[in-house]
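K.L.:
Written as structure tokens, this is what we have:
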């Protein structure tokens, strides 16, 4: 069995509200990690502009809650769309089967 070893994790410097964090990730995850950090930084800055007590930890928790809320709403919307497509395909299949059965008779 020949398996290609995955690339070794490398440290990536991320900046959140002018603080730097080093996080190890594989090279193929680097771009996604940087995009996530940029998104989180923007969300934290947005919250800091409207916060009464803009402590880093508080902003991080508020951003996590806000992002999770957005994610769950999108997931719920996506699940509803999946059900709608599945139901539509099932209805089309029934119509097609009925039409084919009518032709056979």
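Residue numbers (my numbering): 10 to 114.
Glycine included, each C-beta is placed from N, C-alpha and C at the ideal position.
(1) Is it right to say residue 52 is buried, meaning 16 or more other beta carbons lie within 10 angstroms of its own, or is it exposed?
(2) Taking the straight line between their C-alpha atoms, what separation do you get for residue 23 and residue 84?
(3) Since I believe residue 42 is in contact with residue 70 (beta carbons under 8 Å), could you give me their beta-carbon distance rounded to a whole number of angstroms?
(4) When we look at the beta-carbon of residue 72 and count the other beta-carbons within 10 Å, is it buried (16 or more) or exposed?
(5) How big is the Cα-Cα spacing for residue 77 and residue 99?
P.N.:
Working from what's here:
(1) The count along the chain shown starts at 1 and reaches residue 52 at position 43. So residue 52 ends up on the buried side.
(2) Taking the chain shown and counting its residues from 1, one reaches residue 23 at position 14. Taking the chain shown and counting its residues from 1, one reaches residue 84 at position 75. When rounded, the distance between both Cα atoms is 27 Å.
(3) Against the chain shown, residue 70 aligns to sequence position 61. Against the chain shown, residue 42 aligns to sequence position 33. Actually they are not in contact, since the Cβ atoms of residue 70 and residue 42 sit about 20 Å apart, beyond 8 Å.
(4) Position 63 of the chain shown, counting from 1, holds the residue named residue 72. Result: buried.
(5) On the chain shown, position 68 is the one that residue 77 refers to. On the chain shown, position 90 is the one that residue 99 refers to. So the alpha carbons of these two residues sit roughly 33 Å apart.
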